[in-house]
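Residue numbers (my numbering), protein chains in the order written: chain A, 1 to 145; chain B, 146 to 501.
We put the beta carbon where it would ideally sit given N, CA and C, even for glycine.
The structure under discussion appears below in the form of structure tokens.
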């Protein structure tokens, strides 16, 4: 997928502006003291983003280089989003056990034995280090495992 | 008393604790997300049965080891193990990409060593003087220093438009409002998600910014981190390279020592400020960000100088200069030691043994 630097930046600025508006709409629920600092931060982000937007409009053609997102990048991006969405539903261990081999396979790493060993080692070591030693909880599935 | 402390510090048990603590610290520091504070907090219960000097030596060694260890993953993986190594990634990782990873590790080790030793010298000699200055540091001074850090990052570190840096600051400010409001105690911008109630902490955000972006970049590029198939340079060359830039080394150590003595600022700001100051004063400023040796020396020398001098406000005033030194204060209290003048008089033997 080919695009330009300007389009990528405009996309990000639009995202920041939407975030600013979303945060601004929430402000009414908080006390006047709790509103002050976020209001300043939101206004600052919006003003700076709009200024950059105007600056991008004046960008010369030679400065607007092409940006290319290849298939692997988009695959990993989609997988990461799915991984984060599925984690609260099926739990950390199951989602990681599915995510890691899928990610490696789709990135053209096709050694089945190594994929299996890496996945099991990662999940097992995270379990022992974080749950057994550090007592840090990881997201459970809706079924409680 | 100082000579007696030196002999005590050179005792077998203390030497063993210093080496094993440093080794453990380097490993934990290199693991992104663990860091000095967590490692020291985990070790704290094990120090109950130790003598005061042994406990402080173990925790101090872990602290220094963690700060150095953080630079290893920063250089090789573009993922700083601790916030102290954030600026090391700017030039350390480009060096790794050029196949000079081991040289960068050597530079980091030697710069850290020099920074640590000089910082320790300041800790031993200038504690009372610097403690007086830090007492005068109020909210307005903290605000001005933070603002200064923001501006130097926007104007000197970010390439291209200054507005990109200013937008990054805006995003940081907005994200910092998530979680409990420190004044009213009410929840803000959690959108019903329990995980956001504690806010977005520094370590997860650093891992997200550096490690995840690097994972995406690598998935797109394919292959390995090193673009060059040959591994050039070695650790020894890196160690020697540090002394080719004496001014960078001296400036960074002084910046680190000064910032360390001010409570609450700590290593996160010191390495960035030292990097920016070195870049602005360098004859090779255009090489910064492309794998400049000075770009590794500056943050590494400053962050290790901070580790020593951040103990000044703790030991003289009882005010921890960083989260890690707050854990160290816990260890002092467990041992029945009170931070303040008594540490340099009645308990001086323990304090100076710890310094050595």
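Do residue i and residue j have their CB atoms nearer than 7 Å?
i	j	result
residue 449 of chain B	residue 261 of chain B	yes
residue 23 of chain A	residue 42 of chain A	yes
residue 107 of chain A	residue 364 of chain B	yes
residue 185 of chain B	residue 419 of chain B	no
residue 495 of chain B	residue 197 of chain B	yes
residue 312 of chain B	residue 49 of chain A	yes
residue 401 of chain B	residue 451 of chain B	yes
residue 226 of chain B	residue 218 of chain B	yes
residue 393 of chain B	residue 358 of chain B	no
residue 249 of chain B	residue 255 of chain B	no
residue 83 of chain A	residue 99 of chain A	yes
So, does the CB of residue i fall closer than 7 Å to a CB anywhere in chain A?
i	result
residue 428 of chain B	no
residue 374 of chain B	Below a pLDDT of 50, predicted positions are generally treated as unreliable, and residue 374 of chain B, at 47, falls in that range; the measurement from the model is reported next regardless. No, its Cβ sits nowhere closer than 7 Å to a Cβ of chain A.
residue 312 of chain B	yes
residue 322 of chain B	yes
residue 165 of chain B	no
residue 504 of chain B	What the structure shows of chain B is the stretch from 146 to 501, and residue 504 of chain B is not part of that stretch, so it cannot be assessed.
residue 318 of chain B	yes
residue 308 of chain B	yes
residue 216 of chain B	no
residue 470 of chain B	no
residue 262 of chain B	no
residue 328 of chain B	yes
residue 365 of chain B	yes
Please report whether the beta-carbon of residue i lies at a distance below 7 Å from any beta-carbon of chain B.
i	result
residue 52 of chain A	yes
residue 23 of chain A	yes
residue 76 of chain A	yes
residue 66 of chain A	no
residue 70 of chain A	yes
residue 107 of chain A	yes
residue 33 of chain A	yes
residue 73 of chain A	yes
residue 49 of chain A	yes
residue 45 of chain A	yes
residue 101 of chain A	no
residue 88 of chain A	no
residue 137 of chain A	no
Any idea which residues DSSP pairs residue i with across the strands?
i	result
residue 4 of chain A	A:66
residue 176 of chain B	For residue 176 of chain B, which the question treats as bridged, DSSP gives no partner whatsoever.
residue 324 of chain B	B:333
Kindly indicate the opening and closing residues of the alpha helix (DSSP H) around residue i.
i	result
residue 186 of chain B	180-188
residue 136 of chain A	First-last for residue 136 of chain A: undefined, no H or E at that position.
residue 112 of chain A	112-126
residue 427 of chain B	Premise fails: residue 427 of chain B is in no alpha helix (DSSP H) and is neither H nor E.
residue 83 of chain A	71-90
residue 47 of chain A	32-57
Could you check whether the stretch 336-348 of chain B touches the stretch 59-79 of chain A, counting it as contact only if at least three pairs of C-beta atoms, one from each stretch, sit closer than 8 Å? no
Does the contact criterion of 3 or more C-beta pairs under 8 Å hold for the stretch 233-249 of chain B versus the stretch 438-455 of chain B? yes
Counting Cβ pairs closer than 8 Å, one from the stretch 124-142 of chain A and one from the stretch 90-98 of chain A, do we hit at least three? yes
Determine contact between the stretch 162-181 of chain B and the stretch 204-216 of chain B, defined as no fewer than three beta-carbon pairs at a distance below 8 Å. yes
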